[in-house]
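Sequential numbering from 814 applies to the sequence shown in our numbering.
In this text, a Cβ means the ideal position worked out from N, Cα and C, and glycines have one as well.
Written below as structure tokens is the structure these notes are about.
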Amino acid sequence: MKRLMLVVSLLVTMSLLLTACGPETIVETVVVESEGETIVVTATPQPADETEVVFDRSETLYVSGAAWGPPSTWNPFQPGSLANTTGTIGYVYEFLFAYDPLQGVMTPWLAEAGEWVDDTTFAVTMRDGLTWSDGEPLTAEDVAFTYELGQMYETMWFAPMWNYLDAITVVDDLNLELTFTDPLYQEFENNLYNIPIVPKHLWEGRSEEEITVGANENPIGSGAYLYESHSEDRNVWLRNDNWWGIDIFGAPAPRRIVDIRTSSNNVALGMVLKGEIDLSNNFLPGVAELAEKGYVDTYYAGAPYMLSANTAVLFLNNTKPPMDDPAFRRALAFSINIDDIVNVAYANLVKAANPTGLLPTLDKFVDQDIVDQLGYTYDPDEAKAILTAAGYTLGDDGLFNAPDGSDIELEVTCPFGWTDWMEAINVISASAQEAGINVVAATPDYGAWNDAMQTATFDMTLNNWANLSNTPWTLYNLLFRHPIQDVMQSGNFGHYDDQEMFDLVDALARVPMSDEAGMQAACSAIQEKMLTDVPMIPLWYNGMWAQFNSSVWMNWPTESTENQTLPTTWSGYWQLGGLQTLINLEPVPVE
């Protein structure tokens, strides 16, 4: 990365026009110059925190892009609420296994080994010498206690595992066995690196409310970092120099990690350019140009610059005409100019999605023959041909009417303020209109959008699913979540109700993870029906937004380095290689 010389840091104060005594807006213009090139970044600076403690910069890693609100919980069983205290799981609380999505490898973590000893019994051997950060031993009893919380409390996110998990037997301090009735291998092995293990001696006396929704302040775990402090705009984590994993995996390089909540993406960009933030996991518009000129580093040197993190899907309300018609849904898929979303809305920071929805790390489960036969690309003439063959008629206004002669008027939505998605739905609307399908973009506030999505009172809307996973079942279980409920909080928002598809997804769940051919066959059946019915439309892969400044810390993971791990601070990614990124970092030598 080019060394940046800050030529000017100019503060311009402008009074708001609405009132003479109103607040002031501070705009910071940062001019950076290198090798004759000049670039100007204008942003509102981060408000000063008078209580901020100054740490040794050479030992401290500053990150941003995970937290979007003040810290409020350190409860590892509230994954949806941990975005503002990312690191609670991964830094503090650990898992039996870790998973490397780039290599497709499960790594024993707290467990030394785990295997199916027969079709219904999974045996776990724990590492010897594990300890909690309070010095107490971590044993098989802690694992059994943690997993059994899902049996005790149905509100725990992993409670459904007990529909097929029969019992857990602790053999001794280092060994336990899990016995199943009808094992869902795909789900269970995904849980192996997603269920955080908690200390029985500190949790067994807690109430159901404390366990399921309590804040768990001052968390005690087994991991590489300890909770140190927090304030409204940051979390501070201190390296656990007694971490059991140092001798096995190595010690993380930063002594402290300060996770900052910035007030906007522009603020984050300015702080990265000035070296105040080492790693930003914010979406930063215009970062492609900065990466090309060497002002920031990214995983890829060129487009798409970022690894793919999850799949952006256009959910269609299958209960509302004409979207209850598979022919209409298929025509709509051919009418969307995904290339314009990639090139215009995202300036090549993302990749178009495979029609199956699977991320590139799961490419081996894509049946390319089925995609070639049933997949779709932008082709407005094909969209028109499909609609005409299905009885839709083109009106004088150039827009199609339904087979019964009624007008078609549809909305495509995303929350107001989500600027990248707002650009995307504008592309969807414009390209559909060109194909004769009357789609109009709308941007309700987040609350109204979320309510409409979960209650299926929308026409079509964007959402992103399928985070990096060890199994394609994760995606298809979300897209085709069943049974259908009045309120769908996670997946199948369009109420696609097809028992054949549900049976196919359940069949995939029962395929052993060791049976790759069986998984491919199950995926092929799902993909054939999915691309025939088109109940929803995968559009692009959201990037794992990651921009880093190498002035203080170096050896970041890129496509050209040996340490190809995940450069992300998002909650739920530390066990996917994020912690290994910290272990591989090195301080830049002081000249």
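{"Check": "Cβ distance (whole Å) where W1387 is taken to contact G900 below 8 Å", "Outcome": "7 Å"}
{"Check": "Rounded C-alpha distance that separates W1050 from L1039", "Outcome": "6 Å"}
{"Check": "Residue range of the alpha helix (DSSP H) that includes H1014", "Outcome": "K1013 to W1016"}
{"Check": "DSSP-derived helix/strand/coil call for K1248", "Outcome": "The sequence shown places Ala at residue 1248, not Lys. Three-state DSSP puts A1248 in coil, outside helix and strand."}
{"Check": "Expected contact under 8 Å - CB spacing of N1283 and N1003 to nearest Å", "Outcome": "6 Å"}
{"Check": "Cβ-based burial, T1270 [other Cβ within 10 Å; buried from 16]", "Outcome": "exposed"}
{"Check": "Residues near F1118 in its chain [Cβ-Cβ closer than 8 Å; skip 5 each side]", "Outcome": "Reading off the sequence, residue 1118 comes out as Tyr, not Phe. The residues are V1100, A1101, A1104, T1111, Y1112, N1161, L1162 and G1356."}
{"Check": "T1382 versus M1301: straight-line alpha-carbon distance, rounded", "Outcome": "28 Å"}
{"Check": "Bridge partner(s) assigned by DSSP for K1177", "Outcome": "Answer is none; K1177 lacks a bridge partner."}
{"Check": "Identity of the residues DSSP links to K1087 by a beta bridge", "Outcome": "In the DSSP output, where bridge partners are listed per residue, K1087 has none listed."}
{"Check": "Whole-Å CB distance - L943 paired with L962, under 8 Å assumed", "Outcome": "Wrong, their Cβ atoms sit about 19 Å apart, outside the cutoff."}
{"Check": "Cut-off 6 Å between Cβ atoms - residues of its own chain near A1265, not counting five sequence neighbours on either side", "Outcome": "F1271"}
{"Check": "Beta-carbon gap between N1263 and N1123 smaller than 7 Å", "Outcome": "no"}
{"Check": "Secondary structure of D1054, DSSP reduced to three states", "Outcome": "coil"}
{"Check": "Three-state secondary structure assigned by DSSP to L943", "Outcome": "coil"}
{"Check": "N1362 and G1088 closer than 7 Å at C-beta", "Outcome": "yes"}
{"Check": "Same chain, Cβ closer than 7 Å to G1058, five either side skipped, listed in chain order", "Outcome": "A1037"}
{"Check": "Neighbourhood of V937 by C-beta distance below 6 Å, restricted to the same chain and skipping five residues each side", "Outcome": "A924, G927 and L989"}
{"Check": "Given 8 Å, three or more beta-carbon pairs between the stretch 1193-1205 and the stretch 1305-1321", "Outcome": "no"}
{"Check": "Check whether A1125 and W1353 have beta carbons under 7 Å apart", "Outcome": "yes"}
{"Check": "Identity of the residue in E1247, A1144 and A1254 nearest A1237 by Cα", "Outcome": "A1254"}
{"Check": "For T838, three-class secondary structure by DSSP", "Outcome": "Low confidence applies here, because T838 scores a pLDDT of 35, under 50, leaving its location unreliable; read the following figure in that light. T838: strand per DSSP, three-state reduction."}
{"Check": "Between the CA atoms of W975 and D1054 - distance to the nearest angstrom", "Outcome": "37 Å"}
{"Check": "Helix, strand or coil at P1400 according to DSSP, with G and I counted as helix", "Outcome": "strand"}
{"Check": "Sequence ranges, alpha helix (DSSP H) only - wholly within the stretch 1305-1355, length at least 4", "Outcome": "1312-1322 and 1329-1346"}
{"Check": "W929 - partner residues in DSSP beta bridges", "Outcome": "F935"}
{"Check": "Beta-carbon proximity check, N1078 vs N1094, cutoff 7 Å", "Outcome": "no"}
{"Check": "CB of A1215 within 7 Å of CB of A1144, strictly", "Outcome": "no"}
{"Check": "Cβ-Cβ distance between L909 and S1035 below 7 Å", "Outcome": "no"}
{"Check": "Beta-carbon proximity of Y875 to Y1006, cut-off 7 Å", "Outcome": "no"}
{"Check": "S1148 - containing beta strand (DSSP E), residue span", "Outcome": "It is not in any beta strand (DSSP E) - S1148 instead sits in the alpha helix (DSSP H) that spans P1139 to S1148."}
{"Check": "Alpha-carbon spacing of I1250 relative to L1086, whole angstroms", "Outcome": "44 Å"}
{"Check": "Backbone secondary structure at W1358 - three-state DSSP", "Outcome": "coil"}
{"Check": "Which listed residue (D1060, T1287, L1212 and A1116) has its alpha carbon closest to that of P1193", "Outcome": "L1212"}
{"Check": "Buried or exposed by the 16-neighbour rule on C-beta atoms within 10 Å, applied to G835", "Outcome": "At G835 the pLDDT is 30, less than 50, meaning the model places this residue with poor confidence and gives no usable figure here."}
{"Check": "Per-residue burial, E837 [other beta carbons within 10 Å of its own, 16 or more giving buried]", "Outcome": "Interpretation of E837 is limited by its pLDDT of 36, a score under 50 that renders its predicted location unreliable; no figure is taken from the coordinates."}
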